[in-house]
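Reading through the structure tokens given below for one structure.
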Amino acid sequence: MAAPGRPRQRHPVSCRRGSSGRSRRDHAPSARPLVILLHGFASFWWSWRHQLRGLTGGRVVAVDLRGYGGSDKPPRGYDGWTLAGDTAGLIRALGHSSATLVGHADGGLVCWATSVLHPRLVRAIAMVSSPHPAALRRSALTRRDQAGPCCRPCCAIRCRFGRSAR
Numbered sequence: 001m002a003a004p005g006r007p008r009q010r011h012p013v014s015c016r017r018g019s020s021g022r023s024r025r026d027h028a029p030s031a032r033p034l035v036i037l038l039h040g041f042a043s044f045w046w047s048w049r050h051q052l053r054g055l056t057g058g059r060v061v062a063v064d065l066r067g068y069g070g071s072d073k074p075p076r077g078y079d080g081w082t083l084a085g086d087t088a089g090l091i092r093a094l095g096h097s098s099a100t101l102v103g104h105a106d107g108g109l110v111c112w113a114t115s116v117l118h119p120r121l122v123r124a125i126a127m128v129s130s131p132h133p134a135a136l137r138r139s140a141l142t143r144r145d146q147a148g149p150c151c152r153p154c155c156a157i158r159c160r161f162g163r164s165a166r
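Mapping of the sequence shown onto full-length UniProt numbering: position 153 corresponds to residue 153, and the numbering continues sequentially without gaps.
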């Protein structure tokens, strides 16, 4: 929303398929600071449609993460390492040396992974409805009601053999 008395600036929204096969929505001129919006589980770039127009102070890009929306759906590569690499590759492909990452839910975990694995490319991170990875891990390993079916065997192993069991 434009401030009272100031004309509203309009910038084109474009759609492109990136080098990693991910589609993205790009809003604002490329000379501005880069902000990348990463959606959560079972969502795609459209969940950020209102923020694309509201964050006009920078170059805002909302992407479809690997396997979602208009992006490629390879059989593997949905781990944090690969998704962080995709995000780092996107920052470089857009010609920026760093970006601010904003993630919702699982997109927040991609923000954390990217900031840890590619710290020079990440200026700042912000999460919406996303836990810190350490809190998520602790909860999955200690609270059976919070662990999905795939985590429960891990909890049983830890209870039986102690915290150092892998």
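The beta-carbon is built from N, C-alpha and C at its ideal position, and this holds for glycine as well. Fair warning: this is a prediction, and the values are worked out from it, not measured in the lab.
Rounding to the nearest angstrom, what Cα-Cα distance links residue i and residue j in this structure?
{"i": "A99", "j": "G70", "result": "23 angstroms"}
{"i": "W143", "j": "G108", "result": "Here residue 143 is Arg; the residue named in the question, Trp, does not match the sequence. Using only the alpha carbons, I get a separation of about 22 angstroms."}
{"i": "L83", "j": "V63", "result": "12 angstroms"}
{"i": "L136", "j": "W112", "result": "12 angstroms"}
{"i": "F41", "j": "A105", "result": "7 angstroms"}
{"i": "S115", "j": "H50", "result": "25 angstroms"}
{"i": "V110", "j": "D79", "result": "9 angstroms"}
{"i": "G77", "j": "G89", "result": "14 angstroms"}
{"i": "M127", "j": "L65", "result": "16 angstroms"}
{"i": "L141", "j": "R32", "result": "42 angstroms"}
{"i": "L55", "j": "L94", "result": "18 angstroms"}
{"i": "H96", "j": "L37", "result": "15 angstroms"}
{"i": "R123", "j": "P75", "result": "31 angstroms"}
{"i": "G58", "j": "S43", "result": "23 angstroms"}
{"i": "A134", "j": "D86", "result": "22 angstroms"}
For residue i, is the classification buried or exposed, using 16 other Cβ atoms within 10 angstroms of its Cβ as the cut-off for buried?
{"i": "Y68", "result": "buried"}
{"i": "G103", "result": "buried"}
{"i": "W81", "result": "exposed"}
{"i": "S130", "result": "buried"}
{"i": "W48", "result": "buried"}
{"i": "L101", "result": "buried"}
{"i": "W45", "result": "buried"}
{"i": "H132", "result": "exposed"}
What does DSSP give as the partner residue(s) for residue i in the beta ladder?
{"i": "I125", "result": "L101"}
Just verifying my parser: in three-state terms, what is the DSSP assignment at residue i?
{"i": "T82", "result": "helix"}
{"i": "L136", "result": "helix"}
{"i": "T87", "result": "helix"}
{"i": "G108", "result": "helix"}
{"i": "P119", "result": "helix"}
{"i": "L141", "result": "helix"}
{"i": "R76", "result": "coil"}
{"i": "R53", "result": "helix"}
{"i": "A113", "result": "helix"}
{"i": "R32", "result": "coil"}
{"i": "A93", "result": "helix"}
{"i": "S130", "result": "coil"}
Within 8 angstroms: the Cβ of residue i and any heavy atom of the ligand HEM?
{"i": "V61", "result": "Absence of the ligand HEM from the depicted structure is noted, as is the absence of any ligand whatsoever, leaving it without description."}
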